[in-house]
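So the structure is just underneath, and the comments pick up after that.
2 protein chains.
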Amino acid sequence: MEIIDGKKVSAACREEIKQELTSLGKKVGLAVLLVGNDKASEIYVRNKENACKEVGIQSYPFIFDENADEQSIIQTIIACNQNPDIYGILVQLPLPERLDAAKILSYIDPKKDVDGFSRYQMGKLLLGEDCLVSCTPQGILQLLDAYHIPVAGKKAVVVGRSNIVGKPIALLLLQRNATVTVCHSKTENVAEYTKNCDILVVAVGKKGFITGDMVGENTVVIDVGINRVDGKLFGDVDFDTVAPKCSYITPVPGGVGPMTVTMLLKNTVKAAKNAH
Amino acid sequence: MEIIDGKKVSAACREEIKQELTSLGKKVGLAVLLVGNDKASEIYVRNKENACKEVGIQSYPFIFDENADEQSIIQTIIACNQNPDIYGILVQLPLPERLDAAKILSYIDPKKDVDGFSRYQMGKLLLGEDCLVSCTPQGILQLLDAYHIPVAGKKAVVVGRSNIVGKPIALLLLQRNATVTVCHSKTENVAEYTKNCDILVVAVGKKGFITGDMVGENTVVIDVGINRVDGKLFGDVDFDTVAPKCSYITPVPGGVGPMTVTMLLKNTVKAAKNAH
């Protein structure tokens, strides 16, 4: 059994990104919009700013207070759309409930949609076209590639069908020629599927949802869960009982998590390249 | 075993569409562009025109000869985009090879994309939003509904992963709470999946690909194949050996086929409603 080291893979990706930026020879900017003072969101935004700094992306933070009106947020997005130095635009979610998130996000120029959440980028993904893929699913593929884990012809099971993880990773694995099953809360016997696969991706947001008895021998297990309990982080996979049966497993923290921000940087560079 | 009668369901849908059109009280137009003189395409276009006539949709045929230049086709699309009487625009595929189909299709206003092939409509589908769903997958759901075949919690297997059938029907079944597996040409043991499911959708374009020994008892089998051999139509399913094991099965012809054009009419009415 090998533990997949997301920090190591992430660091190597950032080195590549630095070099790409150097050879691009352009100032590349990423706009990050934060509304309100949610503590977790503030931490995420700070992490993104630090990551930008590390690789040499210019970050443009736009901080709005809790009561900011929709129109001023939209105006900022429109200004970023028009700013030729800004190649990526990101609105930190969740937004305060009184705001219409879908409406606000719809103003982002799809070509600057480095989160890959827009209909345009999602449509390209479904059609199998080259696109800005949302960061977590893209990070999972990078981890598999970094450890030379074959995907083609393999049985993959994805547990969870969210728009930002479950459905995109299912499509990406399908594109890589895996036979893919998507399970979810309405699946009657999840273990029947999880026991009998080569690659298992779990993204349900429930601490320890997958236990040792639900996994077969030699499975590659990718744990996307980030569950905070008493200030500690836990995955969707019960590491202690599952790990002994795996060929590879991602830990939480230190597995998929570190890849997500790095893929945001990668998408920003890709958007900048596409623009030329 | 019950044979699903696509002609009957299609006729009932067309009655509903007629009534919707009457209550809408508007002239609703569908533009159909045909390039060249492919015999099959001419038949399809004629069928679509007749179907429009039957329900009271005004069809606007645009016939281009084999050597029509790209620009004149695009100009026609742009004019249709701007014509307020035209709510749906359809380019009959395949286009002559020398033309860039993706480029030409990209000019269709996504809101008038009644084939549901655009990135915008595909993105909405992936995100689970209400959208213009491509006609064949939508027709399959209508058949299941017409026969009160439950989908939620069921095991569904889709064989084939095309952009116009396999991937969209997988997403639609997932949205209806089925547990969905997508198999394809790189799947190692297709029978392992097809034998062990409640709903089997086959869209591979190979005559008789699924045989009786590949199907379990009481399966609902949806055959999307249309394979022409010596002027006769055959499905992807070997009807004679598979039908005795099914709870329901669609024949070819007369199953999914009749639904496709009807869903085009339905999408056109939907686009007209959305526009108001």
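Those protein sequences? They're chains A and B, same order as listed.
All you need for the numbering used here is the position in the first sequence, starting with 1, plus 7.
All you need for the numbering used here is the position in the second sequence, starting with 1, plus 7.
C-beta atoms are modelled at their ideal positions from N, C-alpha and C, and glycine is treated no differently.
Are the beta-carbon atoms belonging to residue i and residue j less than 8 Å from one another?
| i | j | result |
| --- | --- | --- |
| A:PHE216 | A:VAL227 | no |
| A:VAL164 | A:THR188 | yes |
| A:ALA279 | A:VAL35 | yes |
| A:THR201 | A:VAL166 | yes |
| A:ILE233 | A:ILE10 | no |
| A:LEU133 | B:LEU132 | yes |
| B:LEU151 | B:VAL158 | yes |
| A:VAL52 | A:ALA153 | no |
| A:THR267 | A:GLY146 | yes |
| A:ASP243 | A:VAL211 | yes |
| A:ILE24 | A:VAL236 | no |
| B:TYR114 | B:ILE85 | yes |
Going straight from the alpha carbon of residue i to that of residue j, what length do you get?
| i | j | result |
| --- | --- | --- |
| A:THR194 | A:GLY261 | 29 Å |
| B:LEU106 | B:GLU77 | 7 Å |
| B:LEU37 | B:ILE93 | 5 Å |
| A:PHE71 | A:ILE80 | 8 Å |
| A:PHE241 | A:LYS214 | 6 Å |
| A:CYS138 | A:GLN182 | 13 Å |
| B:PHE246 | B:PRO258 | 7 Å |
| B:PRO265 | B:ILE229 | 13 Å |
| B:LEU28 | A:VAL231 | 48 Å |
| B:ALA250 | B:VAL39 | 37 Å |
| A:ASN44 | A:GLU73 | 7 Å |
| A:GLU22 | A:GLU49 | 26 Å |
| A:THR186 | B:THR186 | 14 Å |
| A:GLN89 | B:HIS155 | 51 Å |
| B:ASP120 | A:MET8 | 50 Å |
| B:GLY32 | B:LYS60 | 16 Å |
| A:ASP12 | A:LEU148 | 14 Å |
| A:CYS190 | A:ARG168 | 7 Å |
| A:THR248 | A:ASN225 | 13 Å |
| B:LYS46 | A:GLY219 | 59 Å |
| B:LYS14 | B:ALA75 | 36 Å |
| A:VAL98 | A:LEU112 | 7 Å |
| A:SER192 | B:GLY160 | 9 Å |
| A:PRO91 | A:LYS55 | 21 Å |
| B:ILE176 | B:GLN82 | 33 Å |
| A:ASN57 | A:GLU104 | 27 Å |
| B:HIS283 | B:ASN274 | 14 Å |
| A:ALA108 | B:ASN281 | 22 Å |
List the residues that DSSP assigns as beta-bridge partners of residue i.
| i | result |
| --- | --- |
| B:PRO68 | B:VAL39 |
| A:ILE176 | A:ILE176 pairs with nothing; no bridge assigned. |
| B:PHE241 | B:ASN234 |
| B:GLY95 | B:LEU37 |
| B:ILE111 | Partner(s): none; B:ILE111 has no beta bridge. |
| A:TYR255 | A:GLU9 and A:VAL227 |
| A:ALA163 | A:VAL187 and A:ILE206 |
| A:ASP120 | A:ILE96 |
| B:ILE217 | B:VAL244 |
Relative to the C-alpha of residue i, which residue among the options is closest?
| i | options | result |
| --- | --- | --- |
| A:PRO117 | A:ASP237, A:HIS283, A:THR186 and A:ARG126 | A:ARG126 |
| A:LEU100 | A:PRO91, A:LEU41, A:LEU151 and A:LYS131 | A:LEU41 |
| A:SER141 | A:GLU9, A:ALA47, A:ILE11 and A:THR269 | A:THR269 |
| B:LEU180 | B:PRO144, B:VAL211, B:TYR154 and B:HIS155 | B:PRO144 |
| B:LEU178 | B:MET129, B:CYS204, B:LYS33 and B:VAL98 | B:MET129 |
| A:ILE64 | A:LEU207, A:ALA86, A:GLN26 and A:THR83 | A:GLN26 |
| A:ILE135 | A:ASN184, A:LYS161 and A:SER169 | The sequence shown places Gly at residue 135 of chain A, rather than the Ile named in the question. The candidate whose alpha carbon is nearest that of A:GLY135 is A:ASN184. |
| B:ASN284 | B:PRO175, B:GLY238 and B:LYS162 | Because residue 284 of chain B is not part of the residues shown, which for chain B are 8 to 283, the question remains open. |
| A:ALA19 | A:ALA75, A:LEU272 and A:ASN281 | A:LEU272 |
| B:LEU207 | B:ASP122, B:TYR67 and B:SER254 | B:SER254 |
| A:ASP205 | A:PRO175, A:CYS87 and A:LYS252 | A:LYS252 |
| A:GLY123 | A:LYS174, A:LYS239, A:GLY238 and A:GLU104 | A:LYS174 |
Would you say the beta carbon of residue i comes nearer than 7 Å to a heavy atom of the ligand ATP?
| i | result |
| --- | --- |
| B:VAL187 | Among the components of this structure there are no ligands whatsoever, and the ligand ATP is therefore not found. |
Report task. Determine which residues of the stretch 177-194 of chain A have a Cβ less than 9 Å from any Cβ of chain B, and write them out in chain order. Result -> From the stretch 177-194 of chain A, only ALA177, LEU178, LEU181, GLN182, ASN184, ALA185, THR186, VAL187, THR188, VAL189, CYS190, HIS191, SER192, LYS193 and THR194 have a Cβ closer than 9 Å to chain B.
Report task. Below 9 Å between beta carbons is the criterion; list the residues of the stretch 111-128 of chain B that meet it against any residue of chain A, in chain order. Result -> PRO117, PHE124, SER125, ARG126, TYR127 and GLN128
Query raised in the report: What residues in the stretch 159-174 of chain A bring their beta carbon closer than 7 Å to a beta carbon of chain B?
Result: ALA159, GLY160, ARG168, ASN170 and LYS174
Query raised in the report: Going along the stretch 80-109 of chain A in order, which residues come within less than 7 Å of chain B, judged by CB to CB distance?
Result: none
Query raised in the report: Got a sec: which bits of the stretch 207-218 of chain B sit with their beta carbon under 7 Å from any beta carbon on chain A, in order along the chain?
Result: From the stretch 207-218 of chain B, no residue has a Cβ closer than 7 Å to chain A.
Query raised in the report: At a Cβ cut of 9 Å, what residues of the stretch 256-275 of chain A count as close to chain B, listed as they run along the chain?
Result: For the stretch 256-275 of chain A, which is checked against every Cβ of chain B, not one residue is closer than 9 Å.
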